[in-house]
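Residue numbers (our numbering), protein chains in the order written: chain U, 4 to 291; chain X, 5 to 298; chain C, 8 to 263. Have a look at the structure below before the remarks.
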């Protein structure tokens, strides 16, 4: 029964992780580097929404919108100020600078909002009980939001003209440029999408637990594990990876200590990168 | 007042050791190590445990710290052979977080979040004040000795081949260099130096807890290396001095901005850390000492 | 036979890149490997120098079966390869680039660097002398202390050659050594390669340029579609209608 409960919790966690991983994988596919600030974009979204509920008295949906826009804005800001200038540098340099960006964002938030935890003050809904199994109604909302967001991205990527251009750039940016695609425009839209997704993920975490400055950073390793497991650059992979990591982490808590959750992410990352670096659904040639 | 400076210099020396180790990884071999604090922790805890629970003499604790930290880098060295630089970064970050999880969880060994206290300080029988200065002396000897050893290594063909591997691994391989062996050795030596730093830290502060070994420490050292000029041993020492001046100097800012809370002051400090990393990489990637082409 | 490879099969995914490819080389000979683009020449070179593993086939060097050796071991056995796109160590000086190459440097061992410094220094002295000779041979002495990243394309090619020479190889595998080189330098490089041949080296050269092929090579192997079409002396091979067909036929097809 504990296992079933862990499974249920894991699916919710996994859905949120999938959102985070999707953002990471979009950045990796098009700008070709691992963005260590992604977690802090999530935190930005959560705090943006809190500003909405806590200070502007907005309803949760409006506050969430504010949070998403804030996250997208921050993502765009740092693209123009930092990453765009380093687009000709190696992915290693971009990764290193993204650590600087992450730290800067995280502590700007502490400067403005302090380091205490906040909550959105949502009504607490009682869990539905099925025997000993408890399902929280909010979990369904989280899963639903995640599914809808991911479906939205999927539709854009697969069925729109712009999505075709994005996939072309992810596949071979030089070829795409030569065939007339404005790569810079694709990158801008990609960053908006990825940061907005991060914002949504952050708000969901804030709704599920609390809003605090390290919330995004704490999830970063697991989100990377999900993206890597699924295959960096593969949106479908991000979803699959998110679910697997989410469920494994929750299951592991049944058998070993809560603190070792991070070990799951680490082991997955190490094993996948060593054995099958293109992940479950990624492309073999894109790697190494 | 002078006691404050002595403390500052001791910490600076410890950070300098960490920076020398990281410089070997990144500046010379081109390995991105985001888990450097793990070796710091392993060194600190090893020396702490052996000198408290096992009652070993401090010198032996030190040696054990260096050895264990160095050895713990071996699996990472193996991994670094097969992974791209940015993937290695993520794996090393994960490694340091797992080490921290172990420190928190394995209470039977590490006493969990309560940590290990009453770690002996060498030369503590001297009158207070002198004992601190004596410790500073020890740290300075440690740093100079390490600097000389690392300097010799990097001046030697060993350092040159490391740089070649950083520049173009396949070409080095085609010349017959056992790239794997070089990467592993570089990783282990850098880690061993971090272990020494950990031991020095443990015996100075006299207690260790897992919270002292957060990833932020790794990134402080990265900042020192980037600012000073990666690839130059003198450079990273300079970078460490700057780091210390900044970290410690910002404490005095409180005198000028009385309304600001400690938390917010610390936040500003970290913001500047992040900002400096960004600015240096954007506008002066070679650091202060490095040449434009480095 | 100084070295030979036979029955080499190599595929990537479902695509067969090499089928039953073979080659042999004797000391004091320059062997050319030619063929249309995509015929598998670079892949073949990579297989011989163990950067890629063949699915089937054997490679022999000085009588020893080296089919399962690793790339860095080959260099120790005196077969060295250069790359089509030069891979200089950009941030090291030209001299340092050459100094990286030699084998058996005590200074590359940690204990050696710490405890046998005088021996390290005397080895360095020796290597620097040899490097200066190589630089002189290649006419690169003027750029001795320049950062390798700043050299011209042709100079980088020469530097690659120089690095390989520091290893005293008996077999040199050169992947398009003249590509991107100023025509003025080509004859100079050919002179150098002749000099090396006369010292007893065996050179295997991938080339496209008809002039260099005719001037340089003692024998030719023609690779088409991953198979060895024919092999022999240049004047014979280049008259072979199948060879002309492979080159011109393809060209005509794409032109149409």
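We put the CB at the ideal spot given by N, CA and C, even for glycine.
A straight line joining the alpha-carbon of residue 282 of chain U with that of residue 271 of chain U spans about 10 Å. Going by C-alpha positions, residue 102 of chain U is about 20 Å away from residue 235 of chain X. Burial check for residue 209 of chain U: the Cβ neighbour count within 10 Å reaches 16 or more, so the residue is buried.
Taking a Cβ-Cβ cut-off of 7 Å, residue 101 of chain C has no neighbours in chain X, whose nearest Cβ is about 13 Å from it.
Per the DSSP secondary-structure output, residue 65 of chain C pairs in a beta bridge with C:13. Residue 166 of chain X and residue 186 of chain X do touch by the CB rule: their CB atoms are close to 6 Å apart, below 8 Å. Cβ-Cβ separation between residue 9 of chain X and residue 201 of chain X: approximately 20 Å, too far for a contact (criterion under 8 Å). Contact check for residue 98 of chain U against residue 145 of chain U fails: the beta carbons are separated by 8 Å or more. The shortest CA-to-CA distance from residue 172 of chain C to any of C:206, C:96, C:222 and C:221 is the one to C:206. Cβ atoms of residue 253 of chain X and residue 243 of chain X stay farther apart than 8 Å, at about 15 Å.
For residue 199 of chain C, the uninterrupted alpha helix (DSSP H) run begins and ends at 190-205, by DSSP. Residue burial annotation: residue 115 of chain X is buried, with at least 16 other C-beta atoms found within 10 angstroms of its C-beta. In this model, residue 174 of chain U and residue 68 of chain X are separated by some 50 Å (Cα to Cα). With respect to residue 183 of chain C, residue 214 of chain C sits close: the two C-beta atoms are nearer than 8 Å. Spatial neighbours of residue 76 of chain C in its own chain (CB-CB distance under 6 Å, excluding positions within 5 residues in sequence) are listed in chain order as 57. Remark: C-beta atoms of residue 120 of chain C and residue 191 of chain X do not approach each other more closely than 8 Å. Interface residue (Cβ-Cβ distance to chain X less than 8 Å): residue 262 of chain U is classified as such. Interface with chain C (8 Å Cβ-Cβ cutoff): residue 164 of chain X is included. Note that the segment 170-189 of chain U does not touch the segment 39-59 of chain U; fewer than 3 beta-carbon pairs, one per stretch, sit closer than 8 Å.
Close CB contacts of residue 35 of chain X within its chain, under the 8 Å cut and outside five residues either way in sequence, are with 29, 84, 89, 92, 187, 190 and 191 (chain order). Annotation for residue 216 of chain X: no beta strand (DSSP E) segment contains it, and DSSP assigns it neither H nor E. Of the residues U:113, U:92, U:27 and U:8, the one whose Cα lies closest to the Cα of residue 264 of chain X is U:113.
Contacts between residue 118 of chain X and chain C, judged by CB atoms closer than 9 Å, are missing: the closest CB pair is about 39 Å apart. For residue 223 of chain X, a Cβ of chain U is located within less than 8 Å of the residue's own Cβ.
The C-beta of residue 167 of chain X comes no closer than 8 Å to any C-beta of chain U.
Within the same chain, 264 and 267 come within 6 Å of residue 252 of chain U by CB-CB distance, once the 5 residues on both sides are set aside. Interface with chain U (8 Å Cβ-Cβ cutoff): residue 91 of chain X is included.
Annotation for residue 277 of chain X: 227 place their beta carbon closer than 6 Å to its own, counting only its chain and skipping 5 residues before and after. For residue 81 of chain X, not one C-beta of chain C is nearer than 8 Å to its own C-beta. With fewer than 16 other Cβ atoms from the protein chains shown falling within 10 Å of its own Cβ, residue 63 of chain X counts as exposed. Counting along the chain, residue 30 of chain C sits inside the beta strand (DSSP E) bounded by residues 22-32. Under the 8 Å criterion on CB atoms, residue 288 of chain X is classed as non-interfacial with respect to chain C. Between the alpha carbons of residue 32 of chain U and residue 235 of chain U lies a distance of about 7 Å. For the pair residue 100 of chain X and residue 195 of chain X, the CB atoms are not nearer than the 8 Å cut-off. For residue 92 of chain C, the three-state secondary structure derived from DSSP is coil. With respect to chain X, the C-beta atom of residue 51 of chain C has no partner C-beta closer than 8 Å.
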